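Novice: Counting from 1 along the sequence shown, just add 1 to a position and that's the residue number in our numbering.
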Amino acid sequence: MTLTQLRHVILLTELSSFSRAADAAFLTQPALSRSIRALEEELGGALFDRVGHRIEVTPFGQHVVEQARVICANADALSDSAAQMVAGSLGRLSIGVGPGPGAILVTPLLLYVTEHQPNLKLQIMRTEPEQLLKALRERSLDILIVDSRAIPADHDLAIEPISVMRAAIMCRPGHPILAGGLPVTLTELKRYQCASTIVPEATRRTLMERFGPDGHPDRLFNLQCGELGNLFELARLSDTIVIGVRHAAPDLVEIPTQPALNINAQYSWVSLTGRTLPMACKVVRPFIYDRLRDPE
Numbered sequence: 002m003t004l005t006q007l008r009h010v011i012l013l014t015e016l017s018s019f020s021r022a023a024d025a026a027f028l029t030q031p032a033l034s035r036s037i038r039a040l041e042e043e044l045g046g047a048l049f050d051r052v053g054h055r056i057e058v059t060p061f062g063q064h065v066v067e068q069a070r071v072i073c074a075n076a077d078a079l080s081d082s083a084a085q086m087v088a089g090s091l092g093r094l095s096i097g098v099g100p101g102p103g104a105i106l107v108t109p110l111l112l113y114v115t116e117h118q119p120n121l122k123l124q125i126m127r128t129e130p131e132q133l134l135k136a137l138r139e140r141s142l143d144i145l146i147v148d149s150r151a152i153p154a155d156h157d158l159a160i161e162p163i164s165v166m167r168a169a170i171m172c173r174p175g176h177p178i179l180a181g182g183l184p185v186t187l188t189e190l191k192r193y194q195c196a197s198t199i200v201p202e203a204t205r206r207t208l209m210e211r212f213g214p215d216g217h218p219d220r221l222f223n224l225q226c227g228e229l230g231n232l233f234e235l236a237r238l239s240d241t242i243v244i245g246v247r248h249a250a251p252d253l254v255e256i257p258t259q260p261a262l263n264i265n266a267q268y269s270w271v272s273l274t275g276r277t278l279p280m281a282c283k284v285v286r287p288f289i290y291d292r293l294r295d296p297e
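#1: May I ask which residues mark the beginning and end of the beta strand (DSSP E) holding Tyr268?
#2: In the DSSP assignment, find the beta strand (DSSP E) that holds Glu161 and state where it starts and stops.
#3: With distances taken Cα to Cα, identify the nearest neighbour of Ile1 among Glu202, Ile178, Leu112 and Leu94.
#4: Does the contact criterion of 3 or more C-beta pairs under 8 Å hold for the region 65-74 versus the region 168-175?
#5: Assuming Cys172 and Leu253 make a contact with CB atoms under 8 Å, what is their CB distance in whole Å?
#6: Between Glu297 and Phe288, what straight-line distance do the alpha-carbon atoms span, to the nearest angstrom?
#7: Tell me whether Asp295 is buried or exposed, calling it buried when 16 or more other Cβ atoms sit within 10 Å of its Cβ.
#8: Taking 8 Å as the threshold (C-beta atoms), are Thr207 and Ile152 in contact?
#9: I believe Leu134 touches Leu273 by the beta-carbon criterion, under 8 Å. Please report the beta-carbon distance rounded to the nearest angstrom.
#10: May I ask you to report which of helix, strand or coil DSSP gives Met209?
#11: Going along the chain, which residues of its own chain have a beta-carbon closer than 7 Å to the beta-carbon of Leu199, five neighbours each way excluded?
#12: Would a C-beta distance cut-off of 8 Å place Val246 and Ala196 closer than the cut-off?
#13: Nearest to Gly45 by alpha carbon, out of Gly216, Ile96 and Val65?
#14: Among residues of its own chain, excluding the 5 on either side of Ala154, which ones have a beta-carbon nearer than 8 Å to its beta-carbon?
#15: Using the Cα positions of Gly92 and Thr3, report the straight-line distance between them to the nearest angstrom.
#16: Suppose contacts are defined by Cβ-Cβ distances below 8 Å. Is Leu123 in contact with Val114 by that definition?
#17: Does the region 49-58 come close enough to the region 7-19 that 3 or more CB-CB pairs lie under 8 Å?
#18: Around the C-beta of Gly204, are 16 or more other C-beta atoms found within 10 angstroms, so that it is buried, or is it exposed?
#19: By alpha-carbon positions, which one of Leu48, Pro201 and Cys73 ends up nearest to Thr5?
#20: Spatial neighbours of Arg127 within its chain, please: CB distance less than 6 Å, with the 5 preceding and 5 following residues excluded, ordered by chain position.
#21: With H, G and I counted as helix, E and B as strand and the rest as coil, what does DSSP make of Lys135?
#22: Do you know how far the Cα of Asp81 is from the Cα of Leu112?
#23: Lys122 lies in the beta strand (DSSP E); which residues open and close that run?
#24: Taking C-beta to C-beta, are Ser36 and His9 nearer than 8 Å?
#25: Could you give the C-beta distance for Ile22 and Leu33, rounded to a whole number, given that I count them as a contact under 8 Å?
#26: For Asp50 and Leu94, which I take to be in contact (beta-carbon distance under 8 Å), what is that distance rounded to the nearest angstrom?
#27: Take Leu145 and list the residues in its own chain whose beta-carbon comes closer than 6 Å to its own, dropping the five residues that flank it on each side.
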């Protein structure tokens, strides 16, 4: 068994076609078939079934593919870390960031790397936690920085709490709602466009506990967007009211409510259990932990 054979299995699984997989591996189809067949003979079972012009992974093959991904990822990590030590480089780091931490963290992190870690090749993906988790499991990402309530507590995930940050309902300075009596009621809030990111289930429950059925996100929010920074900018330019992490938009004005909001974000560092992380994690981890905290 070789790493090359395992990579062939992974490639064929992803492309579901011998011809496309052979092209991607710069092989002839017969050569790819021989590689797969030799591995099947060594392991003692069929990895793929042919279904018309497509191939499907067998249950046995699925088990092999899962292990192959781990083995190849660890081999790549070993190769990268060795090369980094020889070259004096920090190598590559791919981070997935959810909407809340993205609004707080991304620009300062990019600036920090630009000014202090020029040898680090950094890639950042910003999207919803479900897509980030898929990319993490496919090993397109090394770590995630997300609200831990938005991801499942699965056995293959190592979830390390970073901080709890306070959320608030906010608007621009001079907003008409500030001219009335404070705190405001939900009815008063809903006279304006209200916006949020995609709301985790735990936050949905809390909103409904605070405000009743009208606190359900489908009733409360007219606008939802995966980029919290865009929502903050919308609030600065209009009478839109936004809910988000207070520290992420200190220039906006917090709107006290009756009953009080009392909602927070619970940010965590998430990686795959047992996966060797890039050396660069040791460099960026303290910076991330320091940034993702409410000011004292």
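Cβ atoms here follow ideal geometry from the backbone N, Cα and C, with glycine treated the same way.
The structure presented is a predicted model; accordingly, all values stated were derived computationally and were not measured.
Specialist: Per the coordinate set shown:
#1: Looking up residue 268 in the sequence shown gives position 267. Where Tyr268 is concerned, the enclosing beta strand (DSSP E) stretches over Asn265 to Leu273.
#2: Locating residue 161 in the sequence shown gives position 160, where the first residue counts as 1. Unbroken beta strand (DSSP E) run through Glu161: Leu158 to Cys172.
#3: In this structure the chain extends from 2 to 297, so residue 1 is not present and cannot be described.
#4: no
#5: For the purposes of this step, residue 172 is identified with residue 171 of the sequence shown, where counting begins at 1. For the purposes of this step, residue 253 is identified with residue 252 of the sequence shown, where counting begins at 1. Contact holds; Cβ gap of about 6 Å.
#6: The residue you call residue 297 lines up with position 296 of the sequence shown. The residue you call residue 288 lines up with position 287 of the sequence shown. Going by the C-alpha atoms only, they are around 17 Å apart.
#7: Start at 1 with the first residue of the sequence shown, and residue 295 comes out as number 294. Looking at its Cβ environment, which holds fewer than 16 other Cβ atoms inside 10 Å, Asp295 is exposed.
#8: For this step, residue 152 is matched to residue 151 along the sequence shown. For this step, residue 207 is matched to residue 206 along the sequence shown. No, these two residues do not count as a Cβ contact at 8 Å.
#9: Against the sequence shown, residue 134 aligns to sequence position 133. Against the sequence shown, residue 273 aligns to sequence position 272. Their Cβ separation, rounded to whole angstroms, is 10 Å, which puts Leu134 and Leu273 out of contact at 8 Å.
#10: In the sequence shown, residue 209 corresponds to position 208, counting from 1. Met209: helix per DSSP, three-state reduction.
#11: For the purposes of this step, residue 199 is taken as residue 198 along the sequence shown, with counting starting at 1. For clarity, residue 199 is Ile in the given sequence; the question names Leu instead. Result list for Ile199: Glu129, Gln225 and Gly227, in chain order.
#12: Looking up residue 246 in the sequence shown gives position 245. Looking up residue 196 in the sequence shown gives position 195. No, the Cβ-Cβ distance between Val246 and Ala196 is not below 8 Å.
#13: As a working mapping, residue 45 is identified with position 44 in the sequence shown. Out of Gly216, Ile96 and Val65, Val65 has the C-alpha closest to the C-alpha of Gly45.
#14: In the sequence shown, residue 154 corresponds to position 153, counting from 1. Around Ala154: Ile160.
#15: Your numbering for residue 92 matches position 91 in the sequence shown. Your numbering for residue 3 matches position 2 in the sequence shown. Here the alpha carbons of Thr3 and Gly92 stand approximately 25 Å from one another.
#16: Locating residue 123 in the sequence shown gives position 122, where the first residue counts as 1. Locating residue 114 in the sequence shown gives position 113, where the first residue counts as 1. The answer is yes: Cβ separation under 8 Å.
#17: yes
#18: Residue numbering aside, residue 204 sits at position 203 when the sequence shown is read from its first letter. Position check: residue 204 holds Thr in this sequence, whereas Gly was assumed. A residue is called buried once 16 or more other Cβ atoms fall within 10 Å of its Cβ, and Thr204 is buried on that count.
#19: The residue given as residue 5 occupies position 4 in the sequence shown. The option with the nearest alpha carbon to Thr5 is Cys73.
#20: The residue labelled residue 127 in the question sits at position 126 within the sequence shown. Cβ neighbours of Arg127 beyond the five flanking positions: Val98 and Gly103.
#21: Here the question's residue 135 lines up with position 134 in the sequence shown. In this structure, DSSP gives Lys135 a helical state, which the three-state scheme calls helix.
#22: Numbered from its first residue, the sequence shown carries residue 112 at position 111. Numbered from its first residue, the sequence shown carries residue 81 at position 80. For Leu112 and Asp81, the distance between alpha carbons rounds to 24 Å.
#23: Taking the first residue of the sequence shown as 1, we reach residue 122 at position 121. From DSSP, the beta strand (DSSP E) with Lys122 extends over Leu121 to Arg127.
#24: If you number the sequence shown from 1, residue 36 lands on position 35. If you number the sequence shown from 1, residue 9 lands on position 8. Yes, the Cβ-Cβ distance between Ser36 and His9 is below 8 Å.
#25: In the sequence shown, residue 22 corresponds to position 21, counting from 1. In the sequence shown, residue 33 corresponds to position 32, counting from 1. The sequence given here places Ala at residue 22; Ile does not occur at that position. With 8 Å as the limit, Ala22 and Leu33 qualify as a contact, their Cβ atoms being about 6 Å apart.
#26: To locate residue 50, count along the sequence shown from 1; it is residue 49. To locate residue 94, count along the sequence shown from 1; it is residue 93. With 8 Å as the limit, Asp50 and Leu94 do not qualify as a contact, their Cβ atoms being about 38 Å apart.
#27: Along the sequence shown, one-based indexing puts residue 145 at 144. Within the same chain, Leu145 has close Cβ partners Gly97, Leu133, Leu137 and Val271.
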